[in-house]
Amino acid sequence: MASENTLHLVISSVGENLYDGPAISVTLPGAGGDVTILPNHEPFVTTLKEGKITVRIPNAEPREFDIESGVLETSGTRAVVLV
5 MASENTLHLV ISSVGENLYD GPAISVTLPG AGGDVTILPN HEPFVTTLKE
55 GKITVRIPNA EPREFDIESG VLETSGTRAV VLV
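Numbered by our numbering, the letters in the sequence shown go through residues 5 to 87 in order.
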């Protein structure tokens, strides 16, 4: 569950959850350039290109995931990335 300062982020690939938890922000390689999602972002859907996803996690070092392509969907305090 997300607090008002975090969003609930899920990053999944076929048959595997890469990340499922809180995030302060997530920066992704959008088709038109990098996109940073913060808590309570407007609903948003975009395709992702090859690059790196950077997840800022509360009280922890950022985590990075290399992707080839994907899709991002956000709504309120939830973001789902399919890669």
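Backbone N, C-alpha and C define an ideal beta-carbon position, used for all residues, glycine too.
Inset, instruction - Put K53 into one of helix, strand or coil per three-state DSSP. - result: coil
Inset, instruction - Could you tell me whether the segment 53–60 touches the segment 21–33, using the rule of 3 or more Cβ pairs below 8 Å? - result: yes
Legend entry - N21, DSSP secondary structure in three states: strand
Inset, instruction - Using beta-carbon positions only, say whether V85 and I15 come within less than 7 Å of one another. - result: yes
Legend entry - Spatial neighbours of S79 in its chain, beta-carbon cut-off 7 Å, leaving aside the 5 residues before and after: P47
Legend entry - Proximity of V87 and I71 at Cβ, strictly below 7 Å: yes
Inset, instruction - Give me the Cα-Cα distance between N63 and I28, rounded to the nearest whole angstrom. - result: 10 Å
Legend entry - Which listed residue (G19, E20, E77) has its alpha carbon closest to that of V49: E77
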